[in-house]
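Working notes, structure below.
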Amino acid sequence: MSPRLSSVGAARRRFLGLSTLLFAATALLPLTGAPVRAEPLTLDAIKAAGVVKVGVEAAYRPFTFRDKGEIVGYDVDLAKQLFAPLGVKVEFIDTAWAGVIPALYAGNFDVIMTSLTYSKERVAKVGYSIPYTEATQEMLIRSSDVDTIKSIDGMSGKVLAVKLGSAGDTMKAALDAKLKASAGKGFSEVKAYDDHPAAYLALAQGSVDGVINSLATLTQVLKDAPGRYAIVRDIGPRNWAGIGARKEDTALIGFLNERIEALKANGEIYKLQEKWFGTQMKLADKVPDFS
């Protein structure tokens, strides 16, 4: 998978941005302010349809990714347990992450998973479940750089990589400002990629010096390439991810909250975390307050 480094890549990112704006307008989802309310999706309607559709990005290990053509991962196993009481099929819709919220409101699927992190902007647009995974943002570096990049200050004058539309993408300006204040110089460049695997490849090839992603996902990268990478901690504030639904789908959100609490109580969610991340996560009991 080639990183988007050329002018063609820049043009593609501009196109993605324009497409998202147009899609958002079509779906009646302004990029500022709350979305226009529509008829709520009820649990009875999901049962009648016999299927619940889950929007994912199938290139985000270990949450959702393809193995021999099949979408697998933590979110896949968890979604099947969450919706089991409804007796419906769980269908996973592979979606470009940059347009995932407009796609939700356009009716392409019923909920969003793949570690949809909380942010002030997203909470204003999306109805969220309580947290089901930790999503604190940290930074992946080459293991050969551990003596020079010990904190975010070590990235002064270096190249940062983020995924387009990710939490890291939203953090880049604040991180750059923090760098300028503490080290006197910000990043030399911030490069945006369509997915994290492309950013990891750029890191391995020396095109970038650090990649921002959630701690849970970066632990998987370390497992897959022992000795090649290291993780720099305390890059971003503690955060989590929830399951996203339309604001008006309150019954669905309430159902998801009840199911997440039940799986925490019986320990099943922690078994899945051990399976996919190799560790258990401490989950907050409510959606973060950004007011």
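When the sequence shown is numbered by this note's numbering, its final residue is 946 and no position is left out of the sequence of numbers. We treat Cβ as the ideally placed atom computed from N, Cα and C, and that holds for glycine. In this text, all values refer to a predicted model and were calculated from it rather than measured experimentally.
Beta bridge pairing from DSSP links K846 with A816.
Counting C-beta pairs with one atom in each stretch, the region 925-933 and the region 801-808 have fewer than three that are closer than 8 Å, which means they do not touch. Judged by their CB atoms, D864 and V814 are nearer to each other than the 7 Å cut-off. Within the model, the alpha-carbon separation for Y783 versus I898 is close to 6 Å. According to DSSP, F720 shares a beta bridge with A714, V727. For W895, the enclosing beta strand (DSSP E) begins and ends at 895-900. For S869, the beta-bridge partners assigned by DSSP are Q792. Judged by DSSP in its simplified three-state form, T769 adopts strand. The three-state reading of DSSP puts F945 in coil, since its state is none of H, G, I, E or B.
Relative to T719, the option among P881, I767, A920, S774 whose CA is nearest is I767. In this structure, E913 keeps its C-beta atom at 7 Å or more from the C-beta atom of P695. No residue range can be given for Y787, since it is assigned to no beta strand (DSSP E) and is classified by DSSP as neither H nor E.
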